[in-house]
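Asker: First the structure, which I've put down as structure tokens, then a few questions once you've had a look.
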């Protein structure tokens with residue numbers, strides 16, 4: 002039966018290796034096996050073989066966080082078509098650390114969002130999710146005492162809408178994570194219209 006996560010890869014082995022490497026280089030971080038499979042539409046066994054080949058050749062490495070391309074050319078968000086767009090800044094309640102919340106959310110799925118991996122964008126590590134079909138990339142990072150949600154939408158209107166929808170779906174998940182045990186503590190967040198939200202990431 003067909004479905005959103007159906008594996009459709011029919012590429013020759015060398016071609017799939019190239020596609021895997023390009024995807025990991027664009028990520029500039031670590032990408033989960035399931036995130037790679039969805040973004041490439043690859044059969045799990047074909048993808049596993051490609052990853053083993055690339056690892057043997059010293060082009061990628063593997064850890065519990067996923068796969069990373071070695072010598073990746075540039076970080077995500079460095080090109081005009083993939084700039085980071087701030088969507089929300091979330092104040093973490095007293096007694097909780099942003100890093101603890103990030104750890105709680107790492108690797109999890111939320112509604113229509115599927116885990117992709119970790120983006121290294123110094124000085125931050127950004128967690129990344131996307132919709133089932135690979136659209137609507139959204140990222141979450143910690144800065145100071147806040148959590149920040151970003152999209153990487155390009156100029157296309159449909160892509161921007163998908164990313165915005167994903168961002169607000171993630172916002173709901175983050176709000177839930179800030180209420181452990183069903184706590185009724187309020188969660189404060191500032192929408193992207195806040196003038197300070199677009200401040201540089203290293204502030």
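In this note's numbering, the protein residues as written are 2 to 204. Each residue gets a CB set at the ideal place from its N, CA and C atoms; glycine is no exception.
Let me know if residue 146 comes out buried or exposed under the rule of 16 or more other beta-carbons within 10 Å of its beta-carbon.
Answerer: Taking the first residue of the chain shown as 1, we reach residue 146 at position 145. Residue 146 comes out exposed.
Asker: Applying the 10 Å Cβ sphere with the 16-neighbour rule, what's the burial state of residue 164?
Answerer: Taking the chain shown and counting its residues from 1, the one referred to as residue 164 is at position 163. With 16 or more other Cβ atoms within 10 Å, it is buried.
Asker: Would you please state the rounded distance, in angstroms, between the beta carbons of residue 128 and residue 114? I believe it to be under 8 Å.
Answerer: Counting from one through the chain shown, the residue named residue 128 turns up at place 127. Counting from one through the chain shown, the residue named residue 114 turns up at place 113. Actually they are not in contact, since the Cβ atoms of residue 128 and residue 114 sit about 11 Å apart, beyond 8 Å.
Asker: Have a look at 149, 134 and 94 and flag the residue whose alpha-carbon is nearest the alpha-carbon of residue 140.
Answerer: Taking the chain shown and counting its residues from 1, one reaches residue 140 at position 139. Checking every option, the nearest Cα to that of residue 140 belongs to 149.
Asker: For the region 37-44 against the region 84-93, are there 3 or more C-beta pairs whose distance is under 8 Å?
Answerer: The answer is no - the region 84-93 does not touch the region 37-44, with fewer than three Cβ pairs under 8 Å.
Asker: Suppose contacts are defined by Cβ-Cβ distances below 9 Å. Is residue 122 in contact with residue 36 by that definition?
Answerer: In the chain shown, residue 122 corresponds to position 121, counting from 1. In the chain shown, residue 36 corresponds to position 35, counting from 1. Taking 9 Å as the Cβ cut-off, residue 122 and residue 36 do not qualify as a contacting pair.
Asker: By a C-beta neighbour count over all protein chains shown, 10 Å radius and 16 as the cutoff for buried, is residue 183 buried or exposed?
Answerer: Mapped onto the chain shown, residue 183 falls at position 182. Bear in mind that a pLDDT of 44 at residue 183, under 50, signals an unreliable position, so the model cannot answer this.
Asker: List in chain order: all unbroken beta strand (DSSP E) runs of 3+ residues lying wholly within the region 24-49.
Answerer: For the region 24-49, whole beta strand (DSSP E) runs of length 3 or above, ordered along the chain, are 30-32.
Asker: Going by C-alpha to C-alpha distance, which of 34, 46 and 60 sits closest to residue 19?
Answerer: The count along the chain shown starts at 1 and reaches residue 19 at position 18. It is 60 whose Cα lies nearest to the Cα of residue 19.
Asker: Would you mind stating whether residue 171 and residue 110 have Cβ atoms separated by less than 9 Å?
Answerer: Translated into positions along the chain shown, residue 171 becomes position 170. Translated into positions along the chain shown, residue 110 becomes position 109. Not closer than 9 Å, so no.
Asker: First and last residue of the beta strand (DSSP E) that includes residue 114?
Answerer: Walking along the chain shown from the start, residue 114 turns up at place 113. From DSSP, the beta strand (DSSP E) with residue 114 extends over 114-122.
Asker: Just mark residue 52 as buried or exposed, buried being the case when its beta carbon has 16 or more other beta carbons within 10 Å.
Answerer: Position 51 of the chain shown, counted from the start, is the residue given in the question as residue 52. Buried is the call here.
Asker: Quick one: is residue 68 buried, meaning 16 or more other Cβ sit within 10 Å of its Cβ, or exposed?
Answerer: Counting from 1 along the chain shown, the entry for residue 68 is found at position 67. Buried is the call here.
Asker: Would you mind reading off the limits of the beta strand (DSSP E) that contains residue 87?
Answerer: As a working note, residue 87 is residue 86 in the chain shown. From DSSP, the beta strand (DSSP E) with residue 87 extends over 86-92.
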